[in-house]
Amino acid sequence: MAPPATGSALDTAHAQLAAAVDILGYDDGLHTMLRMPRREMHVAVPLRRDDGTTEVLHGFRVQHNVSLGPGKGGLRYHPRVEIDEVRALAMWMTWKCGVVNLPYGGAKGGVAIDPRGYSIGELERVTRRYTSEIMPMIGPDNDIMAPDMGTDAQTMAWVMDTYSVAKGYTIPAVVTGKPLAVGGSLGRGTATSAGLVHVTAAALADAGVPLEGTTVAIQGFGKVGGHAAEIFAERGAKVVAVSDQYGGVRNDAGLDVPRLMEHVRGTGSVVGFGEADPITNAELLALDVDVLAPAAIEGVLDEHTAGAVRARWVVEGANGPTTEAGDALLAKNDVIVVPDVLANAGGVVVSYFEWVQANQTYWWTEQEIAEKLEHRMHQAYRGVAELARREDLSLRDAAITIGVQKVAEAHQIRGLYP
Ligand code: NAD
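If you count by full-length UniProt numbering, then the sequence shown holds residues 1 to 418, one letter each, in order.
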């Protein structure tokens with residue numbers, strides 16, 4: 001594999017792994033095993049467009065590690081999806097599942113497509129063809145998909161249907177994050193955001209700061225950022241700024257999040273919300289707030305932007321929003337970073353609950369799920385924070401170290417075949 005581009009998601013993921021390997025004192029052989037994805041598929045996805053023309057899209061599925069159980073990870077539709085990004089996202093899923101103690105490895109998939117430029121019918125055809133192309137890799141016991149950027153519960157329903165039709169019977173556990181009507185779990189839609197708010201509250205509590213009354217800025221107003229804004233506001237925090245790919249809005253007195261949600265449902269963007277002033281994404285990242293939650297894309301806090309961050313806590317809703325250089329600048333300025341593999345793990349926790357429920361064909365109540373999620377997120381935060389304190393590590397180094405150690409232990413105990 002060629003070395004990844006400097007500052008890219010895979011470069012960041014490799015640097016984080018190298019730091020953990022250094023802390024754990026592993027040798028080069030084990031380091032290489034932990035860095036290399038176990039399996040990957042590159043597929044061509046031919047699509048018949050509504051106007052009768054044919055387009056061929058690029059798709060990928062990567063299983064970074066499957067030593068502790070099936071691969072688990074989202075499916076991303078974004079125009080800039082490429083193999084190294086998918087490899088990075090798959091690796092982060094491995095460590096994340098370790099941090100929240102799930103019996104999974106890490107996987108990820110993606111198609112290079114801008115879903116906003118395609119009809120519902122075209123997206124259904126892309127999803128079904130992509131699913132059938134990667135069919136040899138997926139299944140409820142070997143690799144389980146979930147929504148990510150640009151995909152949603154409907155996408156998962158199409159994946160589940162395509163897979164089930166091919167096998168001849170209904171197999172709900174092949175995906176998570178699917179609609180309730182076909183075996184989804186209560187609480188899955190808001191799980192990532194709820195988990196993010198739980199760990200934010202725990203990190204603030206460690207510094208003796210209550211969540212109520214703290215100011216929050218959120219980049220990204222999709223499935224993660226939008227619900228996080230709602231939950232932060234419900235829990236008494238003041239959401240003063242949010243943004244999406246089109247721009248942002250700011251109101252220092254606190255945005256009316258339910259009304260903003262209505263505006264986004266109507267227009268497709270936060271831009272133009274009447275009860276706020278416009279703000280750019282760059283300005284949002286540099287706002288003087290207590291908590292900054294990047295919840296959009298990778299690499300937004302880098303050597304050019306991280307030095308301007310004035311928040312005391314950065315809580316990573318997105319995967320990989322901070323590069324290695326960005327991390328160093330945040331650390332230098334005493335900004336506490338609650339890392340992605342911990343902060344956004346609520347989604348995979350409730351995905352796991354959904355998979356367990358589908359396998360046992362018995363569904364839990366919303367309250368049971370909310371309680372189990374909160375318990376697991378607090379436990380994970382405690383584990384990470386205690387290791388960080390004991391060994392004088394950043395929360396990121398502690399979290400990745402926990403994830404890496406779980407996988408390495410499984411490798412060592414299982415032995416190397418043959
Ligand atoms: P989404 O597609 O629902 O929303 C993405 C949001 O980011 C949108 O508001 C979009 O406009 C905005 N955005 C995109 N490009 C941007 C840019 N250049 N600048 C500013 N904003 C931009 O996606 P999502 O599911 O909310 O995922 C967001 C992030 O969270 C991704 O990194 C994803 O991997 C991560 N994540 C998602 C989940 C989940 O359960 N959905 C779980 C864990 C992590």
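Beta carbons: idealized from backbone N, C-alpha and C, even for Gly. Note that the structure is predicted; figures quoted are calculated from it, not measured.
For residue i, the nearest candidate out of the options (CA to CA)
i	options	result
proline 210	Ser243, Asp290 and Leu102	Asp290
residue 423	Asp327, Ala237, Gly248 and Thr323	What the structure shows of the chain is the stretch from 1 to 418, and residue 423 is not part of that stretch, so it cannot be assessed.
leucine 301	Gly326, Ala282 and Pro70	Gly326
arginine 396	Ala201, Thr12, Thr6 and Gly29	Thr12
residue 453	Gly183, Met1, Ser164 and Gly383	No information on residue 453 is available, as it lies outside the stretch 1 to 418 that the chain covers here.
leucine 342	Glu368, Leu285 and Val199	Val199
proline 37	Tyr26, Ala44, Asp22 and Gln63	Gln63
alanine 88	Phe353, Val407, Gly320 and Gln379	Gly320
arginine 389	Gly195, Trp355 and Ala207	Ala207
aspartate 114	Ile144, Gly139 and Arg80	Arg80
arginine 236	Ile336, Asp244 and Leu255	The sequence given here has glycine at residue 236, not arginine. Glycine 236 has its Cα closest to that of Leu255, out of Ile336, Asp244 and Leu255.
leucine 123	Ala194, Trp158 and Val264	Trp158
aspartate 51	Val335, Arg35, Ile83 and Gly121	Gly121
aspartate 148	Ala201, Leu75, Glu324 and Ile134	Leu75
tyrosine 169	Trp313, Gly139 and Thr155	Gly139
glycine 117	Arg312, Arg49, Leu329 and Trp313	Arg49
Status (buried if at least 16 other CB within 10 Å, exposed otherwise) for residue i
i	result
histidine 227	buried
methionine 93	buried
histidine 304	exposed
lysine 96	buried
alanine 111	First, the amino acid is wrong: residue 111 is valine here, not alanine. Its Cβ being crowded by 16 or more others within 10 Å, valine 111 is buried.
valine 197	buried
alanine 44	exposed
glutamine 379	exposed
valine 56	exposed
residue 445	Nothing in the structure corresponds to residue 445, since the chain is present only between 1 and 418.
proline 418	exposed
arginine 129	buried
methionine 1	exposed
glutamate 298	buried
leucine 416	exposed
proline 3	exposed
glycine 71	buried
arginine 382	exposed
aspartate 392	exposed
isoleucine 134	buried
Boundaries of the alpha helix (DSSP H) in which residue i is found, first to last residue
i	result
alanine 202	188-206
leucine 211	First-last for leucine 211: undefined, no H or E at that position.
valine 21	9-24
valine 159	153-167
aspartate 28	28-35
CB of residue i within 7 Å of CB of residue j, strictly
i	j	result
asparagine 344	glycine 307	no
glycine 106	asparagine 65	yes
valine 338	valine 315	yes
glutamine 16	isoleucine 402	no
alanine 331	isoleucine 279	no
tyrosine 77	threonine 162	no
alanine 296	glutamine 219	yes
glutamate 366	leucine 180	no
alanine 398	valine 384	yes
methionine 41	methionine 137	yes
alanine 203	asparagine 359	no
residue 438	glycine 346	This structure does not reach residue 438, given that the chain is present from 1 up to 418, and the question cannot be answered.
valine 257	valine 239	yes
serine 243	valine 224	no
tryptophan 355	threonine 176	yes
glycine 59	lysine 108	no
aspartate 277	arginine 250	yes
valine 404	alanine 20	yes
glycine 7	threonine 323	yes
leucine 47	valine 126	yes
glycine 69	tyrosine 104	yes
tyrosine 352	leucine 102	yes
glutamate 85	alanine 9	yes
Residue interval of the beta strand (DSSP E) (run including residue i)
i	result
leucine 180	Run containing leucine 180: none; DSSP gives neither H nor E here.
leucine 47	39-48
leucine 57	54-65
isoleucine 144	143-147
valine 338	336-338
Ligand 3 heavy atom lying under 6 Å from the CB of residue i
i	result
threonine 127	With respect to ligand 3, the structure offers nothing, as its ligand set consists of ligand 1.
- Every unbroken alpha helix (DSSP H) inside the segment 348-414 [4 residues or more]: 366-391 and 395-414
- Item | In chain order, each beta strand (DSSP E) run of at least 3 residues that lies wholly inside the segment 249-329 | 277-279, 291-294 and 313-315
- List in chain order: all unbroken alpha helix (DSSP H) runs of 4+ residues lying wholly within the segment 69-137. 83-99 and 120-133
- Ranges of the alpha helix (DSSP H) found wholly within the segment 216-243, counting only runs of at least 4: 223-234
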